[in-house]
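Structure first, commentary second.
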Amino acid sequence: MTEELFTLFLSRYNYWMAIVLMLIGLYALIAKQNLIKKIIGLNIFQTAIFLFYISFADVTGGTAPILLPEGTGALYVNPVPHVLMLTAIVVGVSTTAVALSIVVRISREYNVIDDDELGEVMQRP
Amino acid sequence: MNPVIAHLPVLLLVLPIIAALLILLAGMVNRNFSYPITLATISFQFASSLIIMVSVMTGGTIHYYLGGWAPPMGIELVIDAFNSYVLVVILAMALLIAVYARRGTALDIPPEKTVAFFVVFQLLVTGLCGMTITGDIFNLYVFLEIASISTYALVASGRNTRSLIAGFNYLVLGSIAAGLIVLGIGFLYVATGTLNMGELAAMLPASYGLATVQAAFLLLMIGFSIKVAFFPLHLWLPDAYTESPSVVTILIATATSKVTAYAMIRVIFSVFTLQYITESFPVTEMILVIASIAIIAGAVLAIAQDNLKRMLAYSSISQMGYIMFAIGIANQAALEGGLLHILAHAVMKGCLFMVAGILIYRTGTTAIRQFSGLSKTMPFTCAAFVLAGVSMIGIPPTIGFMSKYYLVLGAVEAGQYLAAAVLLIGSLLAVVYIWRVIEIMYSGSHQEETLHTGAEAPLSMLVPVLILAASCLFLGIFVDVPLAIIEPAVTLLLGVG
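Those sequence lines, one after another, are chains Y and P. Under the numbering used here, the first residue of the first sequence carries the number 107, and numbering increases by one thereafter. Under the numbering used here, the first residue of the second sequence carries the number 26, and numbering increases by one thereafter.
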């Protein structure tokens with residue numbers, strides 16, 4: 107019984123890791139007070155999604171999807187999710203850039219980058 | 026067909042992106058060049074959207090294959106009755122906002138930042154157009170992120186330093202939402218192996234029972250609910266609307282929220298189908314209950330506000346509830362009401378937020394209690410507020426009345442009398458929060474010591490406000506005009522035709 111569960115876990119290893127990463131990212135977003143750490147959490151969350159896409163694209167024993175000469179065939183992995191994730195990586199980088207530049211301005215204006223302290227600074231007139 | 030018109034769907038996206046770069050380059054030469062280029066580009070987009078709508082009305086749905094690659098290999102742009110209508114609404118709003126922005130940005134945006142502001146503004150409008158006309162679900166996500174990232178930057182762009190925190194919180198929640206959406210899209214791809222919306226709709230029924238598809242549906246719904254600020258996932262909205270520059274508030278309250286609601290309706294009805302949400306995976310009841318709570322809670326919270334922009338923000342949460350309400354009822358009359366409410370809310374809320382922007386521009390305050398006697402010095406602005414406010418409450422013959430009338434009709438047809446009562450209670454609560462402002466504006470004396478100047482707004486700000494206020498009235502009287510476009514759109518969505 108335990109052994110079966112273990113093999114099930116191993117055979118779906120990537121997906122479990124995607125879930126774990128996603129939860130780590132969400133935890134950082136919710137629990138961390140430092141704005142930079144929140145951004146790191148956001149990045150971990152996005153990375154988990156990349157891992158999920160790349161995992162389901164994989165075919166056991168598959169090779170890179172390169173056009174072969176006429177007559178030869180090969181088992182290759184699905185290229186579409188990889189391409190989609192290239193786009194998603196660009197989106198993630200842009201989001202991070204905007205987030206970091208907002209944090210830079212926050213730290214210039216208020217001299218803090220911590221959510222709690224920010225709340226205190228905002229209370230003052 | 027004329028070759029230029031045949032390629033108009035893609036020109037609508039590509040030319041404005043080039044124009045955004047052009048704005049940046051021209052702005053480097055001279056800061057004053059950036060505004061005219063923005064205005065010209067958005068005018069071009071509005072004109073093209075009208076041409077596209079006419080050709081959809083006469084020639085049926087347009088399928089445009091990008092680069093000539095037919096789906097499933099390539100990305101497809103699909104324009105039918107539904108999205109040509111949404112396209113015209115948001116571009117008309119964007120054009121009026123662009124006119125308004127000439128003076129409207131002066132207060133909030135430092136002069137050296139105007140070039141960057143208009144570049145991002147143009148990118149946001151283009152992202153919204155892309156979301157509207159794409160026929161590929163992953164492409165929808167990409168354009169959603171173009172629009173969202175532009176919005177985060179715009180929200181945080183003002184002189185008001187509190188806008189930075191509002192922008193950051195919006196960015197965090199918006200990115201989580203985008204993550205959930207892309208995860209949902211991944212699940213759909215696993216279940217079907219395609220990303221084209223038309224093919225998804227054709228292939229999904231075979232796997233309706235799969236947990237994968239149900240998970241995909243829920244992930245997409247939660248993601249879009251955060252993006253449209255559907256109660257109780259609205260927490261980013263009040264701060265983002267209140268603290269951001271006036272022009273940005275108007276744009277995100279009208280164009281962005283409407284297009285996101287459009288995307289949600291598109292995913293529910295065109296990718297999944299009416300049959301799925303009512304039979305295979307019944308969620309309409311739940312959407313109806315949450316929408317009813319949103320209508321009441323948003324309105325009650327709006328009553329409690331003293332800041333005009335914050336009050337309108339909570340009112341937006343209530344009004345988005347009306348659009349979701351239409352999804353919950355999901356019959357012909359209710360969806361007609363919901364789609365009409367997309368137009369109605371864009372027009373009314375655009376007008377109200379523009380008035381709020383003018384009041385900040387002229388008096389420097391958003392505190393409602395300081396507006397006493399404003400009607401004497403700013404008669405046109407206040408009159409526009411009254412017209413749009415009356416429409417918001419839903420007094421005939423305004424557009425706000427017509428959309429709510431169809432919603433109530435749909436609810437009664439579906440036998441949901443309690444839900445119909447919620448709509449009426451929502452309207453009554455709207456009376457409380459709108460009337461309070463009107464009463465203060467029109468009664469009492471002008472307090473010179475609290476208000477700096479009391480002059481009427483500059484013409485370039487006043488004209489868009491008056492056009493929108495007049496539209497509240499005339500679209501209500503001649504409601505047949507928008508309904509002529511909405512009816513085929515609803516038939517298409519429900520898949521009856």
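C-beta: ideal position from N, C-alpha, C; glycine also.
(message) Buried or exposed for Thr83(P), going by 16 or more other Cβ atoms inside 10 Å?
(response) Under this definition Thr83(P) is an exposed residue.
(request) On a CA-only basis, which of Val437(P), Met373(P) and Val272(P) is nearest Ile354(P)? Give me that one, please. (result) From the listed residues Val437(P), Met373(P) and Val272(P), the smallest Cα separation to Ile354(P) is found for Val437(P).
(message) Closer than 8 Å between beta carbons: that is the criterion. Which residues of the segment 180-191 of chain P meet it against chain Y?
(response) Under the 8 Å Cβ criterion, the segment 180-191 of chain P contributes Ala181, Thr186, Arg187, Leu189 and Ile190.
(request) Can you grab the Cα-Cα spacing for the pair Ser397(P) / Pro422(P), in whole Å? (result) Cα to Cα, the separation comes out at about 28 Å.
(message) Please state the DSSP three-state secondary structure of Val113(P).
(response) Three-state result, Val113(P): helix.
(message) Using the Cβ count rule (16 or more neighbours within 10 Å means buried), how would you classify Ile302(P)?
(response) Buried, since its Cβ has 16 or more Cβ neighbours within 10 Å.
(message) 8 Å is my cut-off, CB to CB: does Arg211(Y) come that close to chain P?
(response) Output row for Arg211(Y): interface = yes.
(request) Check whether the segment 172-181 of chain P touches the segment 121-140 of chain Y, taking contact to mean three or more Cβ pairs, one atom from each stretch, closer than 8 Å. (result) They do not touch, by the three-pair rule.
(message) I want to verify the contact list: residues of chain A whose CB lies under 7 Å from the CB of Glu215(Y), in sequence order.
(response) Looking at the structure shown, chain A is missing, and the protein chains on hand are Y and P.
(request) To the nearest angstrom, report how far apart Ala226(P) and Thr298(P) are at their CA atoms. (result) Computed Cα separation, rounded: 7 Å.
(request) Classify Asn221(P) as buried or exposed, calling it buried when 16 or more other Cβ atoms lie within 10 Å of its own Cβ. (result) If you draw a 10 Å sphere on the C-beta of Asn221(P), you find 16 or more other C-beta atoms in it, and that means buried.
(request) Could you pull out every residue in the same chain whose Cβ sits closer than 6 Å to the Cβ of Val456(P), ignoring the five residues on either side in sequence? (result) Same-chain partners within the cutoff: Ile418.
(request) Verify the CB distance criterion: does Leu116(Y) have a CB-CB separation below 8 Å to chain P? (result) Output row for Leu116(Y): interface = no.
(message) Closest to Ile510(P) by C-alpha separation, out of Leu412(P), Glu361(P), Pro404(P) and Gly346(P), would be which residue?
(response) Among Leu412(P), Glu361(P), Pro404(P) and Gly346(P), the Cα nearest to that of Ile510(P) belongs to Glu361(P).
(request) Would you tell me roughly how many angstroms separate the C-alpha atoms of Thr151(P) and Ala203(P), rounded to the nearest one? (result) Approximately 18 Å between the Cα atoms of the pair.
(request) Taking only the alpha-carbon atoms, compute the straight-line gap between Gly346(P) and Phe256(P) and give it to the nearest angstrom. (result) Their backbone Cα atoms lie some 8 Å apart in a straight line.
(message) Can you confirm whether Tyr266(P), when its beta carbon is compared against all beta carbons of chain Y, has any partner nearer than 8 Å?
(response) Taking 8 Å as the threshold, the shortest C-beta distance from Tyr266(P) to chain Y does not fall below it.
(request) Find the residues of chain Y that neighbour Phe255(P), judging by a C-beta separation of less than 8 Å, and give them in chain order. (result) None at all; the shortest Cβ gap to chain Y is about 20 Å.
(request) Just mark Ser117(Y) as buried or exposed, buried being the case when its beta carbon has 16 or more other beta carbons within 10 Å. (result) With fewer than 16 Cβ atoms within 10 Å of its Cβ, Ser117(Y) is classed as exposed.
(message) Short of 8 Å Cβ to Cβ, which residues in the segment 147-160 of chain Y face chain P?
(response) Only those residues of the segment 147-160 of chain Y whose C-beta falls short of 8 Å from the nearest C-beta of chain P are listed: Leu148, Phe151, Gln152, Ile155, Phe158 and Tyr159.
(message) I want to verify the contact list: residues of chain Y whose CB lies under 7 Å from the CB of Val215(P), in sequence order.
(response) Here the neighbours are Phe162.
(request) Specify, as a first and last residue, the run of the beta strand (DSSP E) that His88(P) falls within. (result) Annotation: the continuous beta strand (DSSP E) that includes His88(P) extends over Ile87 to Tyr90.
(request) Taking Val462(P) as the reference, give the member of Met53(P), Ala381(P), Phe294(P) and Val124(P) with the closest Cα. (result) Measuring C-alpha to C-alpha distances from Val462(P) to each of Met53(P), Ala381(P), Phe294(P) and Val124(P) identifies Ala381(P) as the nearest.
(request) Determine the direct distance from the alpha carbon of Thr166(Y) to that of Thr66(P), and round the result to whole angstroms. (result) Distance between the alpha carbons of Thr66(P) and Thr166(Y) is about 50 Å.
(message) Could you tell me the alpha carbon to alpha carbon distance between Ala279(Y) and His32(P), rounded to whole angstroms?
(response) As displayed, chain Y neither begins before 107 nor continues past 231, which places residue 279(Y) out of reach and without an answer.
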